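Just so you know, the sequences run in chain order A and B. Under this note's numbering, the first residue of the first sequence is numbered 1, with each subsequent residue one higher. Under this note's numbering, the first residue of the second sequence is numbered 1, with each subsequent residue one higher. Using N, Cα and C, we set each Cβ at its ideal position, and we do this for glycine too. Note that the structure is a prediction, hence the values are computed from the model and not measured.
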Amino acid sequence: AQSVTQLDSQVPVFEEAPVELRCNYSSSVSVYLFWYVQYPNQGLQLLLKYLSGSTLVKGINGFEAEFNKSQTSFHLRKPSVHISDTAEYFCAVSSYIPTFGRGTSLIVHP
Amino acid sequence: GAGVSQSPSNKVTEKGKDVELRCDPISGHTALYWYRQSLGQGLEFLIYFQGNSAPDKSGLPSDRFSAERTGGSVSTLTIQRTQQEDSAVYLCASSLVSSGRADTQYFGPGTRLTVL
């Protein structure tokens with residue numbers, strides 16, 4: 001069994017400020033880790049993923065995430081956000097079936 | 001190449017009617033998934049296909065829900081005797097599978113189902 005916990009349902013932040021969206025997971029088997037983004041009125045798309053190798057992964061639009069095996073975390077970060085980053089962000093873990101978190105709504109204020 | 005497509009994009013139906021939702025995955029993707037997304041909720045897993053077989057149907061909410069996949073390609077999700085709680089966006093995704101794990105999910109635009 002596997003599960004994903006996104007600790008914050010909503011994260012408000014001002015433009016150009018740094019942001020961290022938290023994700024913790026549990027799994028009894030080795031998994032892949034993902035962050036997906038859903039912009040308003042659009043479908044889900046991949047932001048970044050960790051399959052193996054370097055624990056720091058970089059994705060689109062300046063986002064990065066770090067896999068921490070001991071803390072079973074995969075937090076998403078961006079050093080300076082833009083208004084256009086306002087969206088719903090989903091963390092997911094994947095064995096043969098992906099399990100998604102409930103999502104974090106990132107709201108960037110001018 | 002083309003992405004994942006779903007039809008219809010919107011469906012409004014009356015309580016008690018049957019509906020059929022269609023998903024056309026990316027060519028060559030052996031794995032296909034159906035999810036349900038309700039307002040303010042995450043993605044609820046419904047069913048998974050590997051080729052034409054469905055090794056995991058554990059997410060189907062009731063026996064009113066069924067799905068099939070033919071030719072390792074197109075899939076249909078059927079909801080019989082729809083109820084108001086079935087109203088949601090139904091998402092389809094396809095992926096490759098490596099080392100027994102699902103890789104990147106490519107999502108369709110979804111079908112917004114409204115049951116009156």
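For C23 (chain A), DSSP records no beta bridge to any residue.
Considered as a whole, the region 41-77 of chain B harbours 43-50, 53-56 and 65-69 as its complete beta strand (DSSP E) runs of no fewer than 3 residues, in chain order. Residues of chain B with a Cβ closer than 9 Å to the Cβ of F90 (chain A) are, in chain order, G42 and L43. Any Cβ of chain A closer than 8 Å to the Cβ of F65 (chain B) would place that residue at the interface, and such an atom is absent.
Per the C-alpha coordinates, the member of B:P61, B:T104 and B:H29 positioned closest to S95 (chain A) is B:T104.
Assignment of S80 (chain A) by DSSP, reduced to helix, strand and coil, places it in the coil class. The beta carbons of E64 (chain A) and R77 (chain A) sit closer together than 8 Å. D103 (chain B) belongs to the set of residues whose beta carbon lies under 8 Å from a beta carbon in chain A. Of the candidates A:P98, A:T86 and A:G101, A:T86 places its Cα closest to the Cα of P12 (chain A). DSSP, read as helix, strand or coil, puts I60 (chain A) in helix. Here W34 (chain B) is not near L43 (chain B), since their CB atoms are 8 Å or more apart.
The residues D18 and R64, in chain order, have a CB closer than 6 Å to that of Q80 (chain B) in the same chain once the five nearest residues on each side in sequence are set aside.
For P109 (chain B), the residues of chain A that pass the 7 Å Cβ criterion are G43, in the order they occur in the chain. Residue environment: G103 (chain A) is assigned as buried (16 or more neighbouring CB atoms within 10 Å of its CB, all protein chains considered).
Against chain A, the CB of D56 (chain B) has a partner CB under 8 Å away; the residue lies at that interface.
In this structure, DSSP gives Q6 (chain B) an extended state, which the three-state scheme calls strand. In this structure, T72 (chain A) sits near N24 (chain A), with a CB-CB distance shorter than 8 Å. Nearest in C-alpha terms to S53 (chain B), of all of B:L60, B:E85, B:S38 and B:G71, is B:G71. With a threshold of 16 other beta carbon atoms within 10 Å, Q83 (chain B) falls short and is exposed. Scanning A:H109, A:V93, A:I107 and A:S26 for the CA closest to the CA of L33 (chain A) turns up A:V93.
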